[in-house]
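S.K.:
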Amino acid sequence: MEEHTATFEAEITCPKCRHCQKRTLRNLVNVTTDPQLKLGILTDSLFMMTCKNCGNSFLINHELLYIDEKADLTILVAPDLEKLDLSSVRLEAKTSINRIVTSVIDLKEKIVIFDAGLDDRAIELSKAYITYRNTQIENLRFLMQDPGKELTFAISDTNHENQAIKLEYHFYEKLLKLTQNHAESDDYYLIDSNWAYNLFSELARKE
Ligand SMILES: [Zn+2]
Numbered sequence: 008m009e010e011h012t013a014t015f016e017a018e019i020t021c022p023k024c025r026h027c028q029k030r031t032l033r034n035l036v037n038v039t040t041d042p043q044l045k046l047g048i049l050t051d052s053l054f055m056m057t058c059k060n061c062g063n064s065f066l067i068n069h070e071l072l073y074i075d076e077k078a079d080l081t082i083l084v085a086p087d088l089e090k091l092d093l094s095s096v097r098l099e100a101k102t103s104i105n106r107i108v109t110s111v112i113d114l115k116e117k118i119v120i121f122d123a124g125l126d127d128r129a130i131e132l133s134k135a136y137i138t139y140r141n142t143q144i145e146n147l148r149f150l151m152q153d154p155g156k157e158l159t160f161a162i163s164d165t166n167h168e169n170q171a172i173k174l175e176y177h178f179y180e181k182l183l184k185l186t187q188n189h190a191e192s193d194d195y196y197l198i199d200s201n202w203a204y205n206l207f208s209e210l211a212r213k214e
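What follows is the structure, given as structure tokens:
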């Protein structure tokens with residue numbers, strides 16, 4: 008893993024025309040000391056690049072350590088996760104909630120979840136439940152909550168149609184209890200759809 012020292016120079020290739028251009032990227036974002044960077048993540052501007060040759064705009068996915076001391080949260084974006092030996096990864100984090108994601112899009116979703124005061128494990132279980140009932144889903148993201156009432160998720164289906172799907176808050180609460188009763192050890196960082204699927208499978212075996 009690279010050392011995380013705030014900024015580095017990278018050669019970025021446009022996925023459309025293969026034109027190369029330089030860009031300064033950040034591999035450390037501490038929103039406790041640089042709160043404005045959070046907006047850059049949530050609006051994608053921190054990762055957006057426009058090709059000087061063909062005008063194509065695209066997201067740059069790269070390794071990044073995100074720290075929010077106030078939220079007690081550290082998230083490592085590791086696009087080359089397959090190359091990491093997860094059992095050996097130890098985030099040198101001073102926070103109690105520590106996660107690994109594989110893309111800057113996943114990072115954004117985690118931030119939105121934690122900012123809403125929700126538990127990302129219960130959100131992943133909610134998403135697994137929605138996916139189980141809607142087989143046409145291609146992409147599913149947590150969007151927002153109406154506190155105590157309902158959660159809204161954004162879906163795009165296999166025809167690239169976008170829509171919102173709602174889940175009652177009390178159902179989320181049930182899933183939250185489930186995660187609390189089957190808590191992983193704290194050093195398990197990868198909370199994604201596979202994690203949710205494995206937990207449901209494990210519970211089904213026990214029944
Ligand atoms: Zn281009």
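Counting in the working numbering, the sequence shown runs from 8 upward without gaps.
C-beta atoms are modelled at their ideal positions from N, C-alpha and C, and glycine is treated no differently.
Note that this is a predicted model, so its numbers are computed, not measured.
1) Which first and last residues belong to the alpha helix (DSSP H) in which Glu-131 is found?
2) Taking just the CA atoms, how far does Ala-85 sit from Thr-159?
3) Specify, as a first and last residue, the run of the beta strand (DSSP E) that Asp-2 falls within.
4) Secondary structure at Asp-87, three-state DSSP: helix, strand or coil?
5) Is the beta carbon of Leu-197 sitting closer than 9 Å to the one on Leu-88?
6) Can you have a look at Arg-128 and say buried or exposed, based on whether 16 or more other CB atoms are within 10 angstroms of its CB?
7) Can you find the residues in the same chain that come closer than 6 Å, C-beta to C-beta, to Asp-75, ignoring five residues on each side of it along the sequence?
8) Let me check you understand the geometry: is the CB of Arg-30 closer than 8 Å to at least one non-hydrogen atom of ligand 3?
9) Would you identify the three-state DSSP class for Ile-67, choosing helix, strand or coil?
10) Rounded to whole angstroms, what's the CA-CA distance from Tyr-139 to Asn-60? Just pull it up for me.
11) Rounded to the nearest angstrom, what separates Leu-80 and Ile-19 at their Cα positions?
M.R.: Quick look at the numbers:
1) 127-140
2) 27 Å
3) With the chain covering only 8 through 214, there is no way to say anything about residue 2.
4) coil
5) yes
6) buried
7) Val-38
8) This structure lacks ligand 3; its bound ligands are ligand 1.
9) coil
10) 43 Å
11) 29 Å
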